């Protein structure tokens, strides 16, 4: 080994020595991941096999190998394209409307001087997070039903025909995304408010002395201050590109709006017939995961390229 | 020195207050409706449907049944409190330690470890292999199944890691010079400094436990171990 | 010497005898039952002491220790399937025998069950055993629900009488007369009346398709090309759908029916807006039942009618009944199965057992003057039943009049079945009046197994076709697609693979012929 390389090698070894205690700290978490996440991961093999429920655990290894059959099955469906498009489309709608909203709410709340009022609004904004989608649907029906829904009552008064919004492909996604944003905006703003609270107040004072206005302060101090949090949130969210909110959609949708709201998960669910099609659902799940992983890696790369921290 | 607000600023402040108040209404009203529905008699629900703002006549029968001394709800509350307290404690411990370790930029193999941590966020074996594992470990029907298989959320850990990374290194260095171990540094220096983020992540975990019911439904067979989630949902909607 | 040998022999004999007595002594058998029969409230557990006492009582009487696993309030099937897949011991559970037998998860009980050995079961469920028997004569379990033709037309007879219609509507013409008359009269006021409500088009078709087609809402056999086909391609379906579309256009059918689930449907009834339903029977009827329970002086009166043509053809299809029953897992031992059957039989033959299993030990009393009917002890929320969740009631099946008597006084003439018995649950007598007679009409699917699991595994078009049917039916009904396009709709179904589905169904049919 050359002298230079030797020095590096020693440095490296010394580093491990130096960081010995840190590895100990990391151990519980890594062990947990190994056992409870990597352990079951072997189950992805089910995606390539014909799993019969009675085979139990050994079925993962001894089951009949069918390779890409299940994947091909999924793509053979006439609706494969549609459900993928719907999934991605709804994901992006939720992203465009639902990602900036908590940030804006956090910024607005930050401008409130009266501490009590700020706390009150903050607390109230958490309520929707605890309300189940069943109740949200009941509210949506109350608002949007063709028969007696408040919105339609208003429409009728202004001379229009009533529209069955929840059964209409043109409006369904808006209601879906809208209620989703309503439900998540308060809870999601917590992380941004925490980040804003962590910005050094001296920066604001300095800017004040330089004669900065309110808008300038937001643009030059607050936003850059929470940019790392925004970046990490965005990168992680991209990993969910194949998840469009199954729980809510299952509750809200109906055959009338399959064309715009039937996503991968709901389609597979209907196929499920008692959810014992383990191999097939694992295969579809694997497909979704891989796509999600690709997007996370990609967006992390982009984040780092524009100067942000990224995940790694 | 009193700063004079410009006209546009004043307008904005007014708009802000109005907007936030309206927004608050949008958040509060459904909750109010839920509370009202739980405070009326069955007969009134039948007459008025499931969604109304104010009770005509307050009736506590739903709560009487729910909070009856023989009701299983007390046991269920006990279990929920257990998992919220113990579970959050376990989660915070594991998460803080790993987050701190990963926040050290010079940690050898940091990249690989981060990768190791990230993959399970996206790739999972699914319900059947997880259930089989839980069964192998003998956790089925044990109270510990509520707090161990979810001992750490990768997402929360990454958030905490980033919070730790934003703490100036100088504060730690002085502790290290004094001969403090990483654990000591974590406990005495880092945690107090990141209290807001610790509280936030802690709250995420606690609320997660409060809301969770699926794992109990699937992994617990014995009676008397069902969680809070069922009872309120059942009673408020169906009673 | 001889004495010693004798003593030795005697001792050995004594030991041998005591050992054999051990063997022949009755051992208590443990059985594990997952009670997703529908008669148990999910996620709610009985009081542990109460349950233990009841368990011991059963052990005393039958030597069987019953261990019941109460399903969660949600995801009950997911949990069951996970437990079965991972090899947990479950001896018996409720489910669809076709699905579970095709996955080899249950075993037949043909050799274990016999009418002589289990007279109680034979008396109660005997006539319906054919629902759980396959074409090879194998019996796969005990039936849970019988073919009560659960798709009647249910309507409020008090409103019907108010518009002058006192007879049950039987033909489509009668039905239309009634519906349009109600719409015109608007009994709920302010245009709030909803003449007809349902949660899905499929429900309506289940109720009326038999009037327009040969087989109703069922697979059918096309003689022309010797194929088994889906219901949608029968002659006459078009007319049925056109009728529904007409109802939608005329405001007879609730326009937002798509967004309803059963609870929302019941809500429309309890707030006094919905008049009638073409739906699974326990939807709107439970709402009216609840209204009656809440206010015994209410005017609300529910009535049922099975629609039929003049030539007697009935609307609701008579597919070979319900395939849901008490099933026995393939890992259960013969002793366990016999033990479970013993408990079921015991509950059916012994009234004390039945009421103990229903209300709990010492939590009930006989209704005055009866030895057949019982009611829970105590008043209000603290009745005997509040500590016990009915999980030991394995004999659940046919709804018994006596169970619901406590809801009405003994002299209530409100709900009387055609055999004179007073029915507590008014639609209970749907069963008694409408059990189909195999001798006069045999549905196509009777005694045939169509393993839809296997079909959907191999033929992806199966789900595609079902999706398209669901979507396009709504389009036809709501008017966004004209009924003239019906034939091209059927052609489109073939374009996306309906022929493959038919081929798969026909293949299964031919194997069983």
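Protein chains in written order, with the working numbering: chain A, 268 to 579; chain B, 681 to 919; chain C, 12 to 524. We put the CB at the ideal spot given by N, CA and C, even for glycine. Fair warning: this is a prediction, and the values are worked out from it, not measured in the lab.
### Query
Any idea if residue 155(C) is buried or exposed, counting beta-carbon neighbours within 10 angstroms, 16 or more meaning buried?
By the 10 Å Cβ count, residue 155(C) comes out buried.
### Query
Which residues in chain A sit within 7 Å of residue 266(C), going by Cβ to Cβ distance?
Simply 413, 414 and 431.
### Task
Say whether chain A places a C-beta atom closer than 8 Å to the C-beta of residue 875(B).
So no, residue 875(B) is outside the interface.
### Query
residue 780(B) CB to nearest chain A CB: under 8 Å?
Taking Cβ atoms only, chain A reaches closer than 8 Å to residue 780(B), which makes this a yes.
### Task
Quick one: which residues of the segment 484 to 496 of chain A get their C-beta closer than 7 Å to a C-beta of chain C? List them in chain order.
Those residues of the segment 484 to 496 of chain A that come within reach of chain C (Cβ to Cβ, closer than 7 Å) do not exist; the list is empty.
### Query
Are the C-beta of residue 115(C) and some C-beta of chain A separated by less than 8 Å?
Closer than 8 Å: yes.
### Query
Which partner residues does residue 75(C) have in the DSSP bridge list?
Under DSSP, residue 75(C) takes part in a beta bridge, and its partners are 40(C).
### Any chain A beta carbon closer than 8 Å to residue 98(C)
For residue 98(C), a Cβ of chain A is located within less than 8 Å of the residue's own Cβ.
### Message
Against chain A, with Cβ distances strictly below 8 Å, would residue 800(B) count as a contact?
### Response
Closer than 8 Å to some Cβ of chain A, the Cβ of residue 800(B) qualifies, so yes.
### Query
Under a three-way DSSP split, which group does residue 313(C) fall into?
Three-state DSSP puts residue 313(C) in a strand.
### Task
Under 9 Å between beta-carbons, which chain B residues line up against residue 346(A)? List them in chain order, please.
Result: empty, since nearest Cβ-Cβ is about 23 Å, beyond 9 Å.
### Task
Answer yes or no: do residue 408(A) and residue 433(A) have a C-beta to C-beta separation smaller than 8 Å?
In terms of Cβ geometry, residue 408(A) and residue 433(A) form a close pair [threshold 8 Å].
### Query
What do you get for residue 194(C), buried or exposed, if any count of 16 or more other CB atoms within 10 angstroms of its CB means buried?
Looking at its Cβ environment, which holds 16 or more other Cβ atoms inside 10 Å, residue 194(C) is buried.
### Task
Quickly, what does DSSP pair residue 45(C) with across the bridge? List them, please.
In the DSSP assignment, residue 45(C) forms a beta bridge with 80(C) and 104(C).
#### Entry: 8 Å Cβ cutoff met for residue 531(A) and residue 351(A)
Yes, these two residues count as a Cβ contact at 8 Å.
### Message
One question on the structure: do residue 504(C) and residue 109(C) come within less than 8 Å of each other, judged by their Cβ atoms?
### Response
Contact: no.
### Query
Is residue 427(A) buried or exposed, if buried means 16 or more other CB atoms sit within 10 Å of its CB?
Classified as exposed, residue 427(A) has fewer than 16 neighbouring CB atoms from the shown chains inside 10 Å of its CB.
#### Entry: Outcome for residue 122(C) when other beta-carbon atoms lying within 10 angstroms are tallied against a minimum of 16
Its Cβ having fewer than 16 others within 10 Å, residue 122(C) is exposed.
### Task
With distances taken Cα to Cα, identify the nearest neighbour of residue 402(C) among 376(C), 373(C), 367(C) and 386(C).
For residue 402(C), the nearest C-alpha among the options comes from 367(C).
#### Entry: 8 Å Cβ shell around residue 500(C) - same chain, five flanking residues per side excluded
Cβ-Cβ distances below 8 Å link residue 500(C) to 483, 487 and 492 in the same chain, with the five nearest sequence neighbours on each side left out; the list follows chain order.
### Query
Whole-angstrom Cβ separation of residue 556(A) and residue 877(B), contact assumed at under 8 Å?
Wrong, their Cβ atoms sit about 29 Å apart, outside the cutoff.
### Message
Which residues in chain B have a C-beta closer than 7 Å to the C-beta of residue 549(A)? List them in chain order.
### Response
Ordered by position in chain B, the residues that pass the 7 Å Cβ test against residue 549(A) are 806.
### Message
Below 7 Å, is the gap between the Cβ of residue 346(C) and the nearest heavy atom of the ligand MN?
### Response
Inclusion of the ligand MN in the displayed structure is not the case, the ligand content being empty and no account of it being possible.
### Query
Near residue 173(C), which residues of its chain fall below 8 Å by C-beta distance, leaving aside the five closest residues on each side in sequence?
Excluding sequence neighbours, residue 173(C) sits near 196 and 198.
### Task
Could you please give the first and the last residue of the uninterrupted beta strand (DSSP E) stretch that includes residue 164(C)?
Unbroken beta strand (DSSP E) run through residue 164(C): 164 to 167.
### Query
Would you report the Cα separation of residue 835(B) and residue 809(B), rounded to the nearest angstrom?
Looking at the two C-alpha atoms, the distance is approximately 22 Å.
### Query
Should residue 579(A) be flagged as near chain C, meaning a C-beta pair shorter than 8 Å?
So no, residue 579(A) is outside the interface.
### Under 9 Å from the C-beta of residue 374(C): neighbouring residues of chain B
What residue 374(C) touches in chain B, judged by beta-carbon distance under 9 Å, is nothing: the nearest beta carbon there is about 13 Å away.
### Query
Assuming residue 225(C) contacts residue 245(C) under a Cβ cut-off of 8 Å, what Cβ separation, rounded to an integer in Å, is found between them?
With 8 Å as the limit, residue 225(C) and residue 245(C) qualify as a contact, their Cβ atoms being about 7 Å apart.
### Query
Where does residue 232(C) fall in DSSP's three states?
Here residue 232(C) sits in strand by DSSP.
### Message
When you compare the CB positions of residue 431(A) and residue 413(A), do they come within less than 8 Å of one another, or not?
### Response
Using a Cβ distance threshold of 8 Å, residue 431(A) and residue 413(A) count as a contacting pair.
### Message
Taking the straight line between their C-alpha atoms, what separation do you get for residue 735(B) and residue 175(C)?
### Response
Their backbone Cα atoms lie some 37 Å apart in a straight line.
### Query
Cβ of residue 367(A) within 8 Å of Cβ of residue 455(A)?
No; because the gap between Cβ atoms is not below 8 Å, this pair is not in contact.
### Message
What does the Cβ neighbour count give for residue 329(A), buried or exposed, with the cut at 16 atoms within 10 Å?
### Response
Result: exposed.
### Message
Which residues does DSSP list as the beta-bridge partners of residue 332(A)?
### Response
316(A), per the DSSP bridge assignment.
### Query
What residue from 278(C), 221(C) and 167(C) has the CA that sits closest to residue 728(B)'s CA?
Looking at the Cα atoms, 278(C) is the closest of the given residues.
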